[in-house]
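One structure is given below, encoded as structure tokens.
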Ligand SMILES: [K+]
Ligand SMILES: [K+]
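Protein chains in written order, with this note's numbering: chain B, 1172 to 1625; chain S, 1172 to 1625.
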């Protein structure tokens, strides 16, 4: 029925990558128009088009970098529109990542389809719509619980229940989609002593950043019949991405603490240090919210956090960057190759060579993109190299942290950041597919298992 | 006869990498002792041991970074000792690079041995000694010609013939070995209007940096019987490294010009701009001599030159860095993989997959080394990130350019730079061989041709 519609037929003719591009540009154009409407603005506020465009791209890519103050610019209508764009962006990123995974995975016929509980149509337009619906359901459930908890808890912070629940609503969406925008005007700084708010926000950020397939598998595991638990096998992807994800959070917390131990943390108590470091470590996965002004940290911490943001979140999540699995495979590849080994085995599964090559390609490409962007920004801007690197990796990792220079950048730099947010959003593998000549026919001889890259 | 000597037998038992390490540390220890002798110093000059050690490592790795002023510290004896260490270092780097190439190449039995005109003993200790002799002969010939030309030309610059020829002697060695040290106290700045001196220095630097196999092949080509020229086939390695080498010089010249066109070059004539840019581009291959104070260039130029120095020179040359061939293969790999291709063909030869993997490994490892070093230096030092990156890549590329901060660094930073100079000198592949578990038996099915990596 639906598939007979000429528009659907046209869409089905496009390659998946062309489809994503068309979606993305349509979404950005519509978002820009919506956010440029007078009703979206506070009275008397006039915003240059480049900044509206930047906000739309930043929201669609759930980055959270902003050249304007959200709370001073947008009316309640504008804020709700922004929340909707974040929602679309967050789900879009997850859907696209998962979709590409399925697309690549279909060739070797592994267990992805069982995992995602869908049929062969997954790689058609209708299959994609169904996938988006499923992801939307998961996200909305998480967001709704976050909204109720935060909104109710915020009653003590705000004069009216309306304000409390509006903040809970926007806060839950911004955290879960890893949007990273705030309507407080200072991210989560006002909650820097409220560990409950921080804890809930970290949970929501992690749910958004850890990857849709992981959420599905955990759900399957939890709701499978008792006794069946032991027979349930998590996929290699879930194991690798989850371990890397939490390892990065732990390593990030430790080093963020160390790099500022005698500086920003010098006069703080142990639990303040723990929560500052932990939250800022979690947020570099792709969250973008912050419980402090990160420009107060040392330059070495900025350099280190740039590295964390460059890695970003899990594939098929609301986050960006080279992705946790890419990073894990590159490290394993380097260690194996340096020691003279050939094949890489993880959890009794052999990693596919093509995945290794992909991981390496994604990482090197990302370094080239980041370096080139940095070079152009260093020509255009008067800011220090570390501040520019922080900005560039924040955009590529769709994190949204900034040392406060975003609004002062030139138009060319803003355009470069928008391109980085786009590449970071769709992922380098998807980005590269645009230049791919022709699909190879899959000839695979080994019992290997795929891992999502980029 | 000689091979019966117990010391030789012991040395023959060591793995090639252990041999290189033993050589290197012995050479550094002896160099440090020699340079610490009172007779090597000017009267009343007292130098801390860490700085003597740094100078020895810098000279042995033909880097040229220096924490002290050579001309103010060392006596004529000291300067001649330094020249000898540079000589040992320059030839050592070439020999080691060529040796590793032969070692790896032997397994697939290609035409390296014919090229280098040596027999199977190449990979034994005696073969290595013979190789060093051959390389020494080539280098000494080039240096002698450079010495005569520069020394004679310098008669117009210096009051006595002795001074002129001492400067010609040291200058020719420093340029040809890519040592990059100077006894003028200001590199080649006093010759910034003398294009003849610059031209000779660029030629000598290129001879030292373009790779020993290239020199041998060119010599074979030139001295082969007439009519035979057309039948002579340059190796894939020579083609790739030479094209990349000169491409980098051209690209470097263009961008160095562009990045400072409205700054340092604003009041310069076209030939001044050309020679400043060209010389500084050539010197980033690994030379380290400079015709200007490079700290006067813009930050974007420093960032760009850091990239050039990171690449460095050709393998089996007196230079360091990831090497030209590594860079070329990585770029070709990325383009091929992004376009969905499988194998890489260059000049009607297929590039070996293992070489591609090596190139990728070397590049990623080098990025990790540089980033980690930068992180530690950013903790220890008050200087800007771009100045530190410049220093770090200069050490890794064994280039020796500096924005003038080397002497002010802390001991830990000096140690890190020494490690980088060592890794840059022996190359990452050699460095990695230290951690290799066991040698793989070579099973190769295709008519492929090796390219030296790292
Ligand atoms: K974000
Ligand atoms: K040098």
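Heads up, the beta-carbon is just placed ideally off N, CA and C, and yes, glycines get one too.
Straight-line Cα distance separating residue j from residue i
i, j, result
"residue 1254 of chain B", "residue 1405 of chain B", "33 Å"
"residue 1432 of chain S", "residue 1314 of chain B", "53 Å"
"residue 1521 of chain S", "residue 1452 of chain B", "45 Å"
"residue 1290 of chain B", "residue 1477 of chain B", "With a pLDDT of only 35 at residue 1290 of chain B, under the threshold of 50, the placement of this residue in the model should not be trusted, and no figure is reported."
"residue 1263 of chain B", "residue 1193 of chain B", "13 Å"
"residue 1362 of chain S", "residue 1368 of chain S", "7 Å"
"residue 1576 of chain S", "residue 1541 of chain S", "17 Å"
"residue 1573 of chain B", "residue 1561 of chain B", "7 Å"
"residue 1582 of chain B", "residue 1546 of chain B", "15 Å"
"residue 1427 of chain B", "residue 1527 of chain B", "29 Å"
"residue 1356 of chain S", "residue 1243 of chain S", "8 Å"
"residue 1500 of chain S", "residue 1408 of chain S", "11 Å"
"residue 1392 of chain S", "residue 1403 of chain S", "7 Å"
"residue 1502 of chain S", "residue 1387 of chain S", "27 Å"
"residue 1425 of chain B", "residue 1420 of chain S", "43 Å"
"residue 1284 of chain S", "residue 1504 of chain S", "Here residue 1284 of chain S scores only 40 on pLDDT, less than 50, and its place in the model should not be relied on; the value that follows carries that caveat. Taking the straight line from one Cα to the other gives about 28 Å."
"residue 1455 of chain B", "residue 1567 of chain B", "12 Å"
"residue 1343 of chain B", "residue 1553 of chain S", "41 Å"
Buried versus exposed, by CB contacts within 10 Å (16 or more), residue i
i, result
"residue 1563 of chain B", "buried"
"residue 1330 of chain S", "exposed"
"residue 1227 of chain B", "buried"
"residue 1549 of chain S", "buried"
"residue 1579 of chain B", "exposed"
"residue 1466 of chain B", "exposed"
"residue 1473 of chain B", "buried"
"residue 1223 of chain S", "buried"
"residue 1493 of chain B", "buried"
"residue 1543 of chain B", "exposed"
"residue 1327 of chain B", "exposed"
"residue 1358 of chain S", "buried"
"residue 1219 of chain B", "exposed"
"residue 1333 of chain B", "exposed"
"residue 1537 of chain B", "buried"
Chain S contact residues for residue i, given Cβ-Cβ distances below 8 Å
i, result
"residue 1482 of chain B", "Neighbours of residue 1482 of chain B on chain S: none; closest Cβ ~12 Å, over 8 Å."
Residue i, enclosing beta strand (DSSP E) - first and last residue
i, result
"residue 1520 of chain B", "1520–1522"
Interface partners of residue i on chain S, CB under 7 Å
i, result
"residue 1448 of chain B", "By Cβ distance, chain S contributes nothing, its closest Cβ being about 16 Å from residue 1448 of chain B, past 7 Å."
Chain-ordered chain B contacts of residue i [CB-CB under 7 Å]
i, result
"residue 1505 of chain S", "1532, 1535, 1536"
"residue 1555 of chain S", "1555, 1556"
"residue 1501 of chain S", "1535"
Per-residue contacts from residue i into chain B (C-beta, under 9 Å)
i, result
"residue 1542 of chain S", "1474, 1478"
Chain-ordered neighbours of residue i on chain B, where CB pairs are closer than 8 Å
i, result
"residue 1545 of chain S", "1474"
"residue 1430 of chain S", "1550"
"residue 1528 of chain S", "1508"
Limits of the unbroken alpha helix (DSSP H) element including residue i
i, result
"residue 1503 of chain B", "1495–1509"
"residue 1391 of chain S", "1383–1394"
"residue 1228 of chain B", "1220–1231"
"residue 1210 of chain B", "Where residue 1210 of chain B is concerned, there is no enclosing alpha helix (DSSP H), given that its DSSP letter is neither H nor E."
"residue 1409 of chain B", "1407–1430"
"residue 1369 of chain B", "1366–1380"
"residue 1583 of chain S", "1582–1597"
"residue 1333 of chain S", "1332–1347"
"residue 1563 of chain S", "1556–1567"
"residue 1451 of chain S", "1441–1453"
Within-9 Å CB hit, residue i to chain A
i, result
"residue 1236 of chain S", "In summary, chain A is missing from the structure at hand, where the protein chains are B and S."
(message) For the segment 1458–1471 of chain B, list every residue whose C-beta sits within 7 Å of some C-beta in chain S, in sequence order.
(response) 1470, 1471
(request) Anything in the segment 1573–1585 of chain B with a Cβ closer than 8 Å to a Cβ of chain S? List those residues in chain order, please. (result) none
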